[in-house]
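Remarks on the structure that follows.
Number of protein chains: 2
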Amino acid sequence: MSSPFSAFVPDTPPTGAEPAARAGHFSTAHGTVLTPAFMPVGTQGTVKGVTPAQLEAIGPQVILGNTYHLGLRPGDELIRDLGGLHAFMGWHGPILTDSGGFQVFSLAGLRRITEEGVTFQSPFDGSSHFLSPERSMEIQRNLGSDIVMALDECPPGRLERDKLEVSMARTTRWLRRCRAFPLAGHQGLFAINQGGVHLDLRRQHLEEILALDREQPFQGFAVGGLSVGEAKDEMNELLAAFVRQLPADRPRYLMGVGTPEDLLFGIEHGVDLFDCVLPTREARHGTLLTSRGRVKIKNARHKASPEPLDPDCNCYTCRTFTRAYLHHLFRTGEMLASTLNSIHNLSYTVGLTRDARQAILACQFPDFARRTRENWNTEEP
Amino acid sequence: MSSPFSAFVPDTPPTGAEPAARAGHFSTAHGTVLTPAFMPVGTQGTVKGVTPAQLEAIGPQVILGNTYHLGLRPGDELIRDLGGLHAFMGWHGPILTDSGGFQVFSLAGLRRITEEGVTFQSPFDGSSHFLSPERSMEIQRNLGSDIVMALDECPPGRLERDKLEVSMARTTRWLRRCRAFPLAGHQGLFAINQGGVHLDLRRQHLEEILALDREQPFQGFAVGGLSVGEAKDEMNELLAAFVRQLPADRPRYLMGVGTPEDLLFGIEHGVDLFDCVLPTREARHGTLLTSRGRVKIKNARHKASPEPLDPDCNCYTCRTFTRAYLHHLFRTGEMLASTLNSIHNLSYTVGLTRDARQAILACQFPDFARRTRENWNTEEP
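So the protein lines, in turn, are chains A and B. Going by the working numbering, the residue at position 201 of the first sequence is 201; the numbering climbs one at a time, nothing skipped. Just so we're on the same page, the working numbering is the position in the second sequence counted from 1, plus 1000.
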């Protein structure tokens, strides 16, 4: 695969005090990605509630599109014919597309899994569809994303070890098939590591991936199958031991994570990329992530507050409006509530990774992490 | 009443060929208003679906806030304490507030009308409220709008003449009480003319208003009680005969109107200001107003269209996205559909009045009106 992808280049000074947290960058055809970075999720070709112009002002390094949703509606060939997902949705920075596997395994109703792939029913019109490694690659090629995720089998959380091993082996075989599929020249392929919360299984699966990688390198490595129902402690213990074992010269992506607390923990242990619907979903439900902790904007205490949502935030919402106004919009069910709340939550989350990067570059990450955690008040600020 | 309001200053060259269509301007504390102008409606302190920044890019000369809604939620005293409606909603251009009367007469459930005012029940929590001329003025003073509308009794469309006359007389008495109320120094008061579609009643009511105006001038005159169920022909016949009889040295405001066709007709007959929820409401329902006619974006014919919504429109939506993308957003129920559609419909409606102004200034309004109507295709463009 020819690719404009650069390897991961560490920006961290060599004398850094942190053994794991790292800052770096890698290049794609649609721009350089500075890490650590949080990727907002644009499930159906839009990051819910914000325009691409608002998203640009928020400033994520890369955003995520959903292969499953876009393949069903409006269809990947239609998007290809309209110039690809970048042109279709008006976002001209880097895009990562997932493989569609997570949605097929978690959302679709009837489904049948074979070695060849998964047959599933569209929840929209009941029509039957088939997702295989090749079909996932084809959709992602049609979408024209910069980062393509391999199709993995997504086991449910807390699956028994023996079943997990069977699933992992299939994921490896599927990875080989994904890599054999000809992507577009500008696209890079990320491999996904599975193995639940079992460090030995994670290592075993990583060895299989690295065997393939030695034949022909992947452009990045993802940790999948976490944040799917296991205890937070189990996830964190696994991450603390495992992330640093991923190759240092490629980006490391922790899929589907997460909360501000999760991001900080992940960065602390060497994760470069994150994605999660949490910031926009919580925003629509009126839960706002701030430097002082979580604000539930519908609470009566904000009704007459002339204060900005987060005095440490420079986003459009915090620069322009009072808590009283945000409270009013949420209480009256105005659409603008979701938009302004989403702008803030995305700004906060993207900003957290940006600030973490600056702290790492300044060799002050442990101090930054400590102060950030101290400022997160458990009482509503 | 001391006021920074200027009189209406005609910008139309004296050799214009049009007897009625006029361009002009008047000044308020929050800026000059160039007319003709369409005022987007911000019912609950937000023009539905767009941020103030997006609204600024659309460029309306003045926007409208609702006394009834804001007085109930979050309450006018709260908005006053937070610096007034401009600061509360982040819009720093001119604001007109309605009197609350239209909503009390059309929305509220139980209500009792006396000479003193109207007692009504809040649809939100069933609590009892009282709206009188003095209370309407007090709310609008607390909101701090630039243009304050007098409280009128809003008779239902097609009310019998004798009942209409009783209602008009009360509206005149209420107007006198509104004028006696001390507004803030920067606020101007508009009187509202009633009389249904009866030209003689309209003239009779206007004489009563002008008698008050001679004692102390109003800052503008509004035509109320139209577009409330009467036949379009009846409304237009009345407007064609009546609007030019309103004083030429004050702005003329046709309340609650309307469609692009209505705007063009109103401008043709000397109206300066319009307001209507139609552009944003239709936008949310997927009906888009364009220079070629109405587009129903959910229709299958737009599914794969690489064309902009309106090739003659320079709004963010038309500059950035294809019809196929707008179709996709609407079909998948994404919030962004409402936002992008609202940006376009508001841009189109505001732009129509701006273009009409330019045409009037260039003494080419009849030609502009003819071409605009010819371009409105009855078949979906």
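Where a beta carbon is used, it is the ideal one built from N, C-alpha and C, also for glycine.
Let me know the secondary structure DSSP gives residue i once reduced to three states.
{"i": "Gly1188 (chain B)", "result": "strand"}
{"i": "Gly1093 (chain B)", "result": "coil"}
{"i": "His1129 (chain B)", "result": "strand"}
{"i": "Met1384 (chain B)", "result": "Residue 1384 (chain B) lies beyond the residue range present for chain B, which begins at 1001 and ends at 1381; the question has no answer from this structure."}
{"i": "Phe1242 (chain B)", "result": "helix"}
{"i": "Leu1183 (chain B)", "result": "coil"}
{"i": "His1025 (chain B)", "result": "strand"}
{"i": "Val1009 (chain B)", "result": "strand"}
{"i": "Ala965 (chain B)", "result": "Outside the displayed range of chain B (1001 to 1381) lies residue 965 (chain B), so it cannot be described from this structure."}
{"i": "Gly1101 (chain B)", "result": "helix"}
{"i": "Thr1350 (chain B)", "result": "This sequence places Val at residue 1350 (chain B); Thr is not what is there. DSSP places Val1350 (chain B) in helix when its eight states are reduced to three."}
{"i": "Ala222 (chain A)", "result": "strand"}
{"i": "Asn377 (chain A)", "result": "coil"}
{"i": "Gln1054 (chain B)", "result": "helix"}
{"i": "Asp1275 (chain B)", "result": "strand"}
{"i": "Thr43 (chain A)", "result": "coil"}
{"i": "Gly31 (chain A)", "result": "strand"}
{"i": "Gly1266 (chain B)", "result": "helix"}
{"i": "Asn66 (chain A)", "result": "coil"}
{"i": "Phe120 (chain A)", "result": "strand"}
Anyone know if the C-beta pair for residue i and residue j falls short of 8 Å?
{"i": "Arg1244 (chain B)", "j": "Gly1270 (chain B)", "result": "yes"}
{"i": "Phe1088 (chain B)", "j": "Pro1251 (chain B)", "result": "no"}
{"i": "Val118 (chain A)", "j": "Leu131 (chain A)", "result": "yes"}
{"i": "Gly1224 (chain B)", "j": "Asp1152 (chain B)", "result": "yes"}
{"i": "Arg1323 (chain B)", "j": "Ser1305 (chain B)", "result": "yes"}
{"i": "Asp1076 (chain B)", "j": "Asn1142 (chain B)", "result": "yes"}
{"i": "Thr1339 (chain B)", "j": "Thr317 (chain A)", "result": "no"}
{"i": "Ile1192 (chain B)", "j": "Ala1150 (chain B)", "result": "yes"}
{"i": "Arg73 (chain A)", "j": "Arg1331 (chain B)", "result": "yes"}
{"i": "Leu1288 (chain B)", "j": "Pro1260 (chain B)", "result": "no"}
{"i": "Leu1201 (chain B)", "j": "Glu1165 (chain B)", "result": "yes"}
{"i": "Arg230 (chain A)", "j": "Val197 (chain A)", "result": "This sequence places Glu at residue 230 (chain A); Arg is not what is there. Their beta carbons are under 8 Å apart, which means Glu230 (chain A) touches Val197 (chain A) by this criterion."}
{"i": "Thr28 (chain A)", "j": "Phe5 (chain A)", "result": "yes"}
{"i": "Arg1294 (chain B)", "j": "Glu1380 (chain B)", "result": "yes"}
{"i": "Phe181 (chain A)", "j": "Phe221 (chain A)", "result": "no"}
{"i": "Gly65 (chain A)", "j": "Gly45 (chain A)", "result": "yes"}
{"i": "Leu1273 (chain B)", "j": "Thr1035 (chain B)", "result": "yes"}
{"i": "Asp1146 (chain B)", "j": "Gln1187 (chain B)", "result": "yes"}
Please list, in chain order, the chain B residues whose beta carbon lies closer than 9 Å to that of residue i.
{"i": "Arg250 (chain A)", "result": "Neighbours of Arg250 (chain A) on chain B: none; closest Cβ ~33 Å, over 9 Å."}
{"i": "Phe105 (chain A)", "result": "Neighbours of Phe105 (chain A) on chain B: none; closest Cβ ~21 Å, over 9 Å."}
{"i": "Leu78 (chain A)", "result": "Lys1303, Ala1304, Ala1324, His1328"}
{"i": "Tyr316 (chain A)", "result": "Thr1051, Ala1053"}
{"i": "Thr394 (chain A)", "result": "The requested residue 394 (chain A) is not part of the displayed model; chain A covers only 1 to 381."}
To which residues of the same chain is residue i closer than 8 Å at the C-beta, ignoring the five residues directly before and after it?
{"i": "Ser1127 (chain B)", "result": "Gln1121"}
{"i": "Ile63 (chain A)", "result": "Met39, Pro40, Val41, Gly42, Val47, Leu55, Trp91, Gly93, Pro94, Ile95, Leu96"}
{"i": "Ile58 (chain A)", "result": "Pro40, Val50, Cys315, Ile343, Leu346, Ser347, Val350"}
{"i": "Pro60 (chain A)", "result": "Ala37, Phe38, Met39, Pro40, Gly93, Leu346, Val350"}
{"i": "Leu309 (chain A)", "result": "Leu288, Thr290, Val295, Ile297, Thr317, Cys318, Phe321, Arg323, Leu326, His344"}
What residues in its chain sit with their C-beta under 6 Å from that of residue i, if we drop five residues either side in the sequence?
{"i": "Val1277 (chain B)", "result": "Val1041"}
{"i": "Phe105 (chain A)", "result": "Cys154"}
{"i": "Met255 (chain A)", "result": "Ala222, Gly224"}
{"i": "His69 (chain A)", "result": "Thr43, Gln44"}
{"i": "Ala1021 (chain B)", "result": "Ile1267, Glu1268, Ile1360, Phe1365"}
Can you list the residues of chain A that residue i reaches, using a CB-CB cut of under 7 Å?
{"i": "Thr1046 (chain B)", "result": "Leu329, Glu334, Leu336"}
{"i": "Thr1067 (chain B)", "result": "Per Cβ cutoff of 7 Å: no residues; Thr1067 (chain B) is ~15 Å from chain A at best."}
{"i": "Ala1300 (chain B)", "result": "By Cβ distance, chain A contributes nothing, its closest Cβ being about 11 Å from Ala1300 (chain B), past 7 Å."}
{"i": "Thr1172 (chain B)", "result": "Near Thr1172 (chain B) there are no residues of chain A at all, since even the closest Cβ is about 34 Å away, more than 7 Å."}
Using a Cβ-Cβ cut-off of 7 Å (strictly less than) and excluding sequence neighbours within five positions of residue i, which residues of its own chain qualify?
{"i": "His1086 (chain B)", "result": "His1030, His1092, Ile1095, Gly1144"}
{"i": "Glu1116 (chain B)", "result": "Ser1132"}
{"i": "Asp11 (chain A)", "result": "Ala23, Gly24, His25, Leu361"}
{"i": "Leu1336 (chain B)", "result": "Leu1329"}
{"i": "Arg179 (chain A)", "result": "Leu189, Leu212, Gln216"}
Using a Cβ cut-off of 8 Å, pull out every chain A residue sitting near residue i, in sequence order please.
{"i": "Arg1073 (chain B)", "result": "His328, Arg331, Thr332"}
{"i": "Gly1090 (chain B)", "result": "Thr320, Phe321, Tyr325"}
{"i": "Thr1259 (chain B)", "result": "What Thr1259 (chain B) touches in chain A: nothing, since even the nearest Cβ is about 23 Å away."}
Interface residues of chain A around residue i at Cβ under 9 Å?
{"i": "Tyr1348 (chain B)", "result": "Here the premise fails: no neighbours, minimum Cβ distance about 18 Å."}
Which residues in chain B have a C-beta closer than 7 Å to the C-beta of residue i? List them in chain order.
{"i": "Leu82 (chain A)", "result": "Pro1306, Thr1322, Ala1324"}
{"i": "Thr287 (chain A)", "result": "In chain order: nothing, as chain B lies at least about 17 Å away."}
{"i": "Thr290 (chain A)", "result": "Ordered by position in chain B, no residue passes the 7 Å Cβ test against Thr290 (chain A), which lies about 19 Å from the chain."}
Requested in this report: Can you check the stretch 1286-1338 of chain B for any beta strand (DSSP E) of at least 3 residues that lies completely inside it and give the ranges in chain order?
Outcome: The qualifying runs are 1287-1290, 1293-1296.
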